[in-house]
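Using this note's numbering, the first residue of the sequence shown is number 24, and each one after it goes up by one.
Even glycine gets a Cβ: it sits at the ideal position worked out from N, Cα and C.
None of the values given here were measured: they were computed from a predicted structure.
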Amino acid sequence: MTMQVRTHSNVTHIDFLPIAELQERLPSKAVIVTDDIVTELWESPHRRIVVPAGEASKSLHSYSQVVEQILSLGIDRNTIIVALGGGVVGDLAGFVAATILRGVTFLQVPTTLLAMVDSSIGGKVGVDTPQGKNLVGAFKPADQVLICSEFLDQLPARQLTNGMAEVWKYGFIGDAPELNKLRAGQAPLTEIIFDCLDHKARVVEEDEFETSGLRATLNFGHTVGHAIEKVLGYETFLHGEAISIGMAAEARLGELLGITEAGTAEQVKIDLASAGLPVDWDGLRDFEPLIAAMRSDKKATGGKLAFSLLTRLGDCKLVRDVDDESVQAALTA
Ligand code: GLY
Numbered sequence: 024m025t026m027q028v029r030t031h032s033n034v035t036h037i038d039f040l041p042i043a044e045l046q047e048r049l050p051s052k053a054v055i056v057t058d059d060i061v062t063e064l065w066e067s068p069h070r071r072i073v074v075p076a077g078e079a080s081k082s083l084h085s086y087s088q089v090v091e092q093i094l095s096l097g098i099d100r101n102t103i104i105v106a107l108g109g110g111v112v113g114d115l116a117g118f119v120a121a122t123i124l125r126g127v128t129f130l131q132v133p134t135t136l137l138a139m140v141d142s143s144i145g146g147k148v149g150v151d152t153p154q155g156k157n158l159v160g161a162f163k164p165a166d167q168v169l170i171c172s173e174f175l176d177q178l179p180a181r182q183l184t185n186g187m188a189e190v191w192k193y194g195f196i197g198d199a200p201e202l203n204k205l206r207a208g209q210a211p212l213t214e215i216i217f218d219c220l221d222h223k224a225r226v227v228e229e230d231e232f233e234t235s236g237l238r239a240t241l242n243f244g245h246t247v248g249h250a251i252e253k254v255l256g257y258e259t260f261l262h263g264e265a266i267s268i269g270m271a272a273e274a275r276l277g278e279l280l281g282i283t284e285a286g287t288a289e290q291v292k293i294d295l296a297s298a299g300l301p302v303d304w305d306g307l308r309d310f311e312p313l314i315a316a317m318r319s320d321k322k323a324t325g326g327k328l329a330f331s332l333l334t335r336l337g338d339c340k341l342v343r344d345v346d347d348e349s350v351q352a353a354l355t356a
C-alpha cells in the first residue's frame with residue numbers, strides 16, 4: 024500500500040512495507056534519531072543518536088544536544104535524518120531536520136500507532152517549553168514515511184490503546200462510516216491506519232498551515248487534553264489517554280454551547296470506553312489550572328479559548344471565543 028501527500032514544500036511518499044525490507048530502504052548516509060527503548064527493537068548499521076524515551080526529550084535542551092551530536096558527525100546537506108520511534112522522536116528529529124544546515128532530507132519510521140496515524144505526516148515538528156506543548160517548531164513534512172506494522176506487535180497493550188484515541192478521533196470528526204468499522208472491530212489494523220492517513224492527507228493538502236480551520240479539527244479533544252498533560256507534568260496519562268478524556272469533555276462542551284447534537288457526548292464516551300480509554304478524571308473538577316493551561320494553546324487568541332467541536336458524529340468545526348464559564352461547566356459536569 025502506498026499514498027502521497029502534497030504539501031507546499033514536497034510530496035510525502037508513504038509506503039507500507041515489511042520490517043525485513045526496512046534496512047535496504049534507508050540510505051547509508053542516514054543518521055537515525057531514536058530513543059533508548061525503540062533502539063533495542065530494530066538493529067541496522069546506520070549511525071544513531073539515542074535520546075531517553077519520554078516527553079521530556081521533546082525539549083530545547085534535547086534539541087541542542089541532538090544537533091551538537093549530529094554536527095560532530097561531520098554531516099553535509101545530503102545527510103538524511105531518520106526518525107525511528109513515536110511522536111516524541113518524530114517531532115524532535117523533524118525539528119532538527121528542519122533547522123540543521125537550514126534543512127536536510129527527513130524520513131519518518133513511526134513505531135507507535137499514534138505516530139503512524141497522526142504525527143508522522145503533516146509536517147508539524149517541534150519541541151515543548153515550560154509554557155506549553157509544541158510552542159517552538161516548524162512545518163517540515165517528511166519526504167518519506169515508512170510504515171512497518173510489525174513494530175506494533177512489540178508495542179505494550181497500553182500504547183496500542185493510546186494510539187486508538189487518535190483513530191477514534193478521525194471517526195468522530197469526519198468519518199462516520201469509519202466509526203461503524205471501528206465498532207464492528209473486524210478490520211485489520213493496517214486498513215485502519217491507511218484510512219486514518221487518508222483522512223489526514225486530505226486535511227493537510229487542503230489546509231496545511233491551519234488557516235481555514237479545517238486542520239484545527241484534528242485538534243478535537245486536544246485543548247483539554249494538552250491542558251491535562253501540562254498540569255500533570257506529562258506524567259500519569261499517555262497523550263492518547265489525555266486526549267480521550269479531552270474528547271469526552273469537549274463533546275460535553277459542544278452540547279452545552281448548543282453546537283453539538285444532543286446525545287453525541289454520551290456516544291463518544293461509550294465508544295472511547297469500549298476501546299479501553301479513560302473518559303473522565305477527577306482532576307477536571309479542579310478547573311482553574313486547566314483553564315489557565317488552555318490559554319497557552321495555539322488556537323487561543325487574545326486570551327479567549329478556542330476548541331474544535333463536533334456538530335454531530337462525523338463533523339467538526341473550529342469555535343472561537345468560548346467563555347470560561349461554559350468550559351468550567353463542561354469540565355465539572
Ligand atoms: N496532530 C494534529 C495535526 O497534525 O494538525
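*Near Leu313, which residues of its chain fall below 8 Å by C-beta distance, leaving aside the five closest residues on each side in sequence?*
Val247, Ala250, Ile251, Val254, Gly306, Leu307 and Leu354
_Check whether the region 130-142 and the region 102-120 are in contact - that is, three or more C-beta pairs closer than 8 Å._
yes
*When the Cα atoms are used, what is the spatial distance from Pro153 to Ser319?*
11 Å
_Those runs of the alpha helix (DSSP H) which lie wholly inside the region 114-197 and span at least 4 residues_ = 180-197
*Answer yes if the region 147-163 comes into contact with the region 87-101, meaning at least three C-beta pairs across the two stretches below 8 Å, and no otherwise.*
no
*asked:* Please classify His84 as buried or exposed, where buried requires at least 16 other C-beta atoms within 10 Å of its C-beta.
replied: exposed
*Could you tell me whether any non-hydrogen atom of ligand 1 is closer than 8 Å to the CB of Lys223?*
yes
*Could you pull out every residue in the same chain whose Cβ sits closer than 7 Å to the Cβ of Gln46, ignoring the five residues on either side in sequence?*
Ser67
*Is any heavy atom of ligand 1 found at a distance shorter than 8 Å from the C-beta of Lys147?*
yes
*Please go through the same chain and pick out, in chain order, the residues whose beta-carbon is closer than 7 Å to the beta-carbon of Thr102, but skip the five residues on each side of it.*
Lys52, Val54 and Val127
*Examine the Cβ distances between the region 221-238 and the region 279-289 and report whether three or more of them are shorter than 8 Å.*
no
*asked:* For Phe357, count the other beta carbons within 10 Å of its own beta carbon; 16 or more makes it buried, fewer makes it exposed. Which is it?
replied: With the chain represented from 24 up to 356, any question about residue 357 goes unanswered, as that position is not in the structure.
*Excluding the five sequence neighbours on either side, which residues of its own chain have a C-beta within less than 8 Å of the C-beta of Pro41, listed in chain order?*
Cys171 and Glu173
_At the level of alpha carbons, what is the spacing between Arg217 and Lys147?_
Note on residue identity: the sequence assigns Phe, not Arg, to residue 217. One C-alpha to the other measures close to 19 Å.
_Ala352 versus Val111, Val302 and Asp309, residue with shortest Cα-Cα distance_ = Asp309
_To the nearest angstrom, how far is the alpha carbon of Leu220 from that of Ala188?_
14 Å
*Mind listing, in chain order, the continuous alpha helix (DSSP H) runs of no fewer than 4 residues lying wholly within the region 281-340?*
287-297 and 310-317
*Name the residue from Gly117, Leu124, Val112 and Leu333 whose alpha carbon lies nearest to the alpha carbon of Arg100.*
Leu124
*When you compare each of Thr134, Gly160 and Gly145 to Val119 by their alpha carbons, which one comes out closest?*
Gly160
*asked:* With a threshold of 8 Å on Cβ separation, who are the neighbours of Val61 within its own chain once the five nearest residues in sequence on each side are excluded?
replied: Ala76, Leu107, Gly108, Gly109, Val112 and Thr134
*Count the other CB atoms within 10 Å of the CB of Gly256; is the residue buried (16 or more) or exposed (fewer)?*
exposed
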